[in-house]
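Same order as they appear, the protein sequences are chains S and W.
For the record, in the first sequence the residue sitting at position 800 is 800 according to my numbering, with numbers rising by one throughout.
Heads up, my numbering is the position in the second sequence plus 1000, with the first residue counted as 1.
Read the structure below first, then the notes.
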Amino acid sequence: MNRLLLGALLGAFLAGLRLAPGAELLQWPVVEAEQAYRMRAGGLLLVAGALLCAGRILDGHSRSAWLVGIFVGVTLESLAGNLGPEDHSAAWPLVPVALVLLVMFSRRRPDGDGKGKPATAQATHLLPAVTAALIGMGFALGLEGTARVLRRLGGGLPLDDGVFASALALSVVVGGLSFGGLLAQREGKTREGRAHMAAGLVGALALLGSLIALRGVSTPRGLRSYLARFSFFDLDASLFGQLPYDFLLGSLVFVLPGFALGALLHGTHLRSTLASLFLGAAAGLMAIPRLLDHGAELDVVSGPHSAELIRWGMCAIGLGGLFWCLKKRELLRAPSGLALGLGSLAATLSPVLIPVQQLRVLPAWERFPRPFAEVFDTPQGQFSIHPSAPGIDRVALDNLDLTPDRERGGIDARRLKAATALLDSERRMVGARALLIGQLTPGRALVLESEGIVHLDRTGAWWRSMEWLEQRLFRDRSDMLPNAGGILDPESARAGIAAGNYDLVIALPQSGAAPMAPDPDLPGGTLAVAWFDGEATLSRRSLPEPVLVVSDGLSHLSLGLVWGADLSELPQPGRPAALRAGAPRTGTGRNEWMFVRPDDRRRRCQVELAERLRDANAANDFRFLTRGLAEHFTVQERSSPWGDRAEKTEVSKEALASFTEALTVGEPDALTREVWDGLAAVLAGKRDIEAIDTWLRPAAEIWPLWPALERAIALADLESLDPQAAITRMQALVLHDPNDFEAVRLLGKAHEQAGQPEQAAEVWQTLLDRQPESRRTRRKLALAWVAAGEFDLARPLLRDLLKENPEDRELWGLLNPTGTPESDEGFDPSD
Amino acid sequence: MTSVLATALSLVLGSALCWASIEKLTLPQMVQRIDNAIYGEILAKRVEAVALPDGSGEMFFTTLTIKGNSVLNNAASTVEVSYPGGFLDEEHGVFNSEEPSADDVRIGNRVVAFYKWSPDMGGGFASNALYASHGGLFRTFVSRKGETIVQGRGPGYAVATNQVLSGLEKQAQELYAKRKR
């Protein structure tokens, strides 16, 4: 029982050795690899120490219970239970405490206690400590190299890592139970370490096997082909991030090295040898950031990558073997000894003998294969650059987005604007200094500059790659880079914050799991805002009050924690909304998420977050708005991937009624405006004219000259074949804001539809004066002149347009028209 | 157990080869090719799965029950009109890139649907096929002036621009009369 308990505690301890994002503000989106590996290496050193001090628990007894305990501990820690991150952080330190107590207790038990043989004498070291350490290092490097690639095939949550770890632990148990006894038996006869050394070399071969397996599933075709073999589970790539999928993948790549490792752990009876294995593993983990470092210049083509770690692991095991050969030279005379020696040499030379290409793992579950421009590996993980929309490149780290795609660009901008809006106006007038913990993009730079940030430093765990990433993202727009500010390493950034160099610190999220919510130590006068992605698991988290909430309309929510500013919990006209976050909810538990598709998971997270906000704000002025948001997100469902954003958004009457009530509370705050802007866009996009008439018109009467509402209503007027009503509406809006180009465009369209080409031409000319490069507007103007009979005005413009695009057949016929062409007074939705 | 999204998408590629594919049509061309067109309310919607002849999977068809009047001859009727695509439940079905959107086929919508009988839309499934897939279905709404407006889908579609229903019916009936001669 003690061995089982020891194993369980060790397994739980090892599985919990994870530095969570957000453990510190500067590691909000991504943890620093060096720190993470140091933490894990430190944990392994503790394990080595615990094994040395474990006393009689392990000596002379079968390791089976111990290994089973490790598997149980890993699985329980990773998967089971519904502890939230805060509960987990509070409970987990008890594990090493329990471990220490167990070790102390075991040291007081008398000799020969329990069943089995008496305690083994420590005198004979079958495997030299250096060899054992090198084997441990080899396994750590190889397994970590495998895990780093495997992680990119999962759902990106710690849960996925937990399943992979459980698959490895199970392989270790099975390997130990199956082969450990054989190993001990073989060694019992000769007591020369040969069997252990052989197990180590088999492990090296097994690592090569896992590399081959990884290569097989790292492509979409290979992955689908592998999953299709398990027809019983009925799996395909769209079920990524779920337990059966993760477990099968983990089993595939870990089974062989797991068996070898299990055999070694089971068959190694000396505590000192076991401790050496873990010591070596700790050293291996510490070496990883160095092995993956690109040096001074980032080499995205042929730089180091995770698959090479597997080769380095084999090399380390080989070196261990060579050391063993050096110590046991006499054994080389025997064929088996010679074979081991040659095998060790081959393993040592594997970095030279075995070519390994970078394994680029990109999401295999997307509708179309995601195009990528560059993919390269760093200690932080695999960076990939993906064109998302014309001029917008998306940066992902281990397939989790660091920068927004086209769909999420809106909410990203709103986060930045909401954060900068908290600065006092005087500071913004003069120009504020800010630190961005996140990846700068042209879009983000534009927003921050327009919001008064004149000095922008950037930092993050991946700071060494930031310069290259910025050059890549800004390659055609270098003028959009901040004029003042630079990329800082985290230490310098920390020093800058402590010195009060910044008016504002903004931390932006990576997609995936929600970071921890630290309480940063900020000097007076420094404001910090850290953003959660609303599609992350937030409902069970403890959150400080109040929180900023922004929305991009009706698609996404984002939650911001604020330090250094007093937020009013009352709606402030035009200001970011600060809502009560309320108590954590029970919500969906960690283990339940493993059976939910990632798309559905994101939807449910938004629902749970919205419900939490609704419950927390049920008695204040945000009650209608939050009720509406909860009703809205509840009705969202899976949509066709071919639909546009409006088609993918469900609209419920209950939500609309709640949103309408929210308008009566007072002048709308920023969140209410964002929601209604989104509503207008969705209803216009759906072409739901009756809904626009029912909901938007009354809203526009409550708050006139609301641009998004007015434009949507004007579109409804055009669809209803009432262009005059649209003209009246848009004239008022353009008068209110001549820079509302969309309103100007609608006015032009309305004049066209009303059969008023002269007026339409005037509008197009006005628009062209503001946007002289717009071909579309020039074309419109030419057509309007033709419709108005002004051929002399139209002809030069038509010729220019045809020179630019001779394929534009419609214009050819207009060069020498006979009479004025008839206008179709219907509404063309494609225009 | 039927495969879910990823494999279902591969069925989309197969179904795209089926008869009900989108093609550019004018109203005269559409009237020339169809059996009939109905303006009415969508009363019901159901999805059926049909096994592929080679046993490699299933095809899914959505059938709308529309009650209303023929656009071509004003005759009252209730017809069932089908198109490829649809989901039986959360896990079984397929999204078809050419099917009408969910907004188009909500129960209670009043639509104009052009259809033609097909003895085999795929896998032996026989029904009135929505002609040109989503290109054969047009939503309508009642404007504030009380007119019923048919919403056009843009150039290349049988109803390209928004127009009053009565105008569309008049055009369609004239074209149909010419066709019968």
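Glycine included, each C-beta is placed from N, C-alpha and C at the ideal position.
Hey, is residue i's beta-carbon within less than 8 angstroms of any beta-carbon in chain B?
| i | result |
| --- | --- |
| glutamate 647 of chain S | Of the protein chains in this structure, namely S and W, none is chain B. |
Kindly indicate the opening and closing residues of the beta strand (DSSP E) around residue i.
| i | result |
| --- | --- |
| arginine 954 of chain W | In the structure as shown, chain W starts at 1001 and stops at 1181, and residue 954 of chain W therefore has no counterpart that could be examined. |
| valine 1112 of chain W | 1110-1118 |
| proline 377 of chain S | Note that residue 377 of chain S is aspartate in the sequence shown here, rather than proline. Taken as a continuous stretch (DSSP letters only), the beta strand (DSSP E) holding aspartate 377 of chain S covers 374-378. |
| glycine 460 of chain S | Careful: glycine 460 of chain S lies outside any beta strand (DSSP E) and carries neither H nor E. |
| alanine 507 of chain S | 504-507 |
| aspartate 533 of chain S | 527-533 |
| glycine 1068 of chain W | 1058-1070 |
Please state if the CB of residue j and the CB of residue i are separated by a distance shorter than 8 angstroms.
| i | j | result |
| --- | --- | --- |
| leucine 647 of chain S | serine 1101 of chain W | The residue you asked about is not leucine; residue 647 of chain S is glutamate in the sequence shown. Taking 8 angstroms as the Cβ cut-off, glutamate 647 of chain S and serine 1101 of chain W qualify as a contacting pair. |
| glutamine 990 of chain W | arginine 1179 of chain W | Any answer about residue 990 of chain W is impossible in this case: the structure gives chain W only from 1001 up to 1181. |
| aspartate 832 of chain S | alanine 726 of chain S | Outside the displayed range of chain S (1 to 831) lies residue 832 of chain S, so it cannot be described from this structure. |
| threonine 459 of chain S | alanine 493 of chain S | yes |
| asparagine 1162 of chain W | leucine 721 of chain S | yes |
| glycine 200 of chain S | leucine 285 of chain S | no |
| leucine 235 of chain S | leucine 243 of chain S | no |
| alanine 681 of chain S | glutamine 724 of chain S | no |
| leucine 1130 of chain W | serine 1082 of chain W | yes |
| leucine 359 of chain S | leucine 214 of chain S | yes |
| arginine 603 of chain S | glutamine 636 of chain S | yes |
| serine 539 of chain S | leucine 609 of chain S | yes |
| serine 388 of chain S | arginine 406 of chain S | yes |
| isoleucine 833 of chain S | leucine 207 of chain S | Outside the displayed span of chain S (1 to 831) sits residue 833 of chain S, for which this structure offers no information. |
| glycine 438 of chain S | glycine 156 of chain S | no |
| leucine 422 of chain S | valine 529 of chain S | yes |
Buried or exposed: where does residue i fall if 16 or more other Cβ atoms within 10 Å of its Cβ makes it buried?
| i | result |
| --- | --- |
| histidine 632 of chain S | buried |
| glycine 16 of chain S | buried |
| methionine 1 of chain S | exposed |
| threonine 1078 of chain W | exposed |
| alanine 151 of chain S | A small correction: the amino acid at residue 151 of chain S is arginine; alanine does not occupy that position in the sequence shown. Its Cβ being crowded by 16 or more others within 10 Å, arginine 151 of chain S is buried. |
| leucine 705 of chain S | exposed |
| glycine 381 of chain S | buried |
| asparagine 877 of chain S | This structure cannot settle anything about residue 877 of chain S, because the visible part of chain S is limited to 1 through 831. |
| methionine 429 of chain S | exposed |
| cysteine 315 of chain S | buried |
| glycine 114 of chain S | Only weak support is given to the placement of glycine 114 of chain S: the predicted model assigns it a pLDDT of 44, under 50, and the value that follows is read from those uncertain coordinates. Its Cβ having fewer than 16 others within 10 Å, glycine 114 of chain S is exposed. |
| isoleucine 497 of chain S | buried |
| leucine 10 of chain S | buried |
| glutamate 773 of chain S | exposed |
| glutamine 122 of chain S | Only weak support is given to the placement of glutamine 122 of chain S: the predicted model assigns it a pLDDT of 43, under 50, and the question is left unresolved by the model. |
| leucine 349 of chain S | exposed |
| isoleucine 702 of chain S | exposed |
| arginine 3 of chain S | buried |
Along chain S, in chain order, which residues have C-beta atoms closer than 7 angstroms to that of residue i?
| i | result |
| --- | --- |
| arginine 1144 of chain W | Asp693, Ser720 |
| threonine 1161 of chain W | Asp824, Gly826, Phe827, Asp828 |
| phenylalanine 1141 of chain W | Ile689, Glu690 |
Specify, as a first and last residue, the run of the alpha helix (DSSP H) that residue i falls within.
| i | result |
| --- | --- |
| isoleucine 310 of chain S | 306-327 |
| phenylalanine 247 of chain S | 243-267 |
| glycine 216 of chain S | 194-217 |
| valine 1079 of chain W | Looking at the DSSP string, valine 1079 of chain W is not in any alpha helix (DSSP H); the run it does join, the beta strand (DSSP E), is 1076-1084. |
| proline 442 of chain S | 442-450 |
| isoleucine 392 of chain S | No alpha helix (DSSP H) contains isoleucine 392 of chain S, which is instead part of the beta strand (DSSP E) from 392-397. |
| methionine 1039 of chain W | The question names methionine, yet the displayed sequence has tyrosine at residue 1039 of chain W. Per DSSP, tyrosine 1039 of chain W belongs to no alpha helix (DSSP H); it is in the beta strand (DSSP E), 1036-1051. |
Name the chain S residues whose beta carbon is nearer than 9 angstroms to that of residue i?
| i | result |
| --- | --- |
| aspartate 1054 of chain W | The contacting residues do not exist; aspartate 1054 of chain W stays about 17 angstroms from chain S at best. |
| isoleucine 1149 of chain W | Ile689, Glu719, Ser720, Leu721, Phe827 |
Would you mind telling me which residues of chain W sit closer than 7 angstroms to residue i, beta carbon to beta carbon, in chain order?
| i | result |
| --- | --- |
| serine 830 of chain S | Gly1154, Pro1155 |
| lysine 686 of chain S | Asp1103 |
| tryptophan 642 of chain S | Phe1095, Ser1097 |
Mind listing the chain W neighbours of residue i? Cutoff is C-beta to C-beta under 8 angstroms, in chain order.
| i | result |
| --- | --- |
| serine 639 of chain S | Ala1102 |
Can you list the residues of chain S that residue i reaches, using a CB-CB cut of under 8 angstroms?
| i | result |
| --- | --- |
| phenylalanine 1114 of chain W | Ordered by position in chain S, no residue passes the 8 angstroms Cβ test against phenylalanine 1114 of chain W, which lies about 18 angstroms from the chain. |
Secondary structure, alpha helix (DSSP H): runs of 4+ residues fully inside the region 702-787 of chain S: 707-719, 723-736, 741-753, 757-770, 775-787
Which runs of the alpha helix (DSSP H) fall wholly inside the region 571-603 of chain S and span at least 4 residues, in chain order? 590-593
Can you give, in chain order, each stretch of the alpha helix (DSSP H) that sits fully within the region 467-502 of chain S and has at least 4 residues? 490-498
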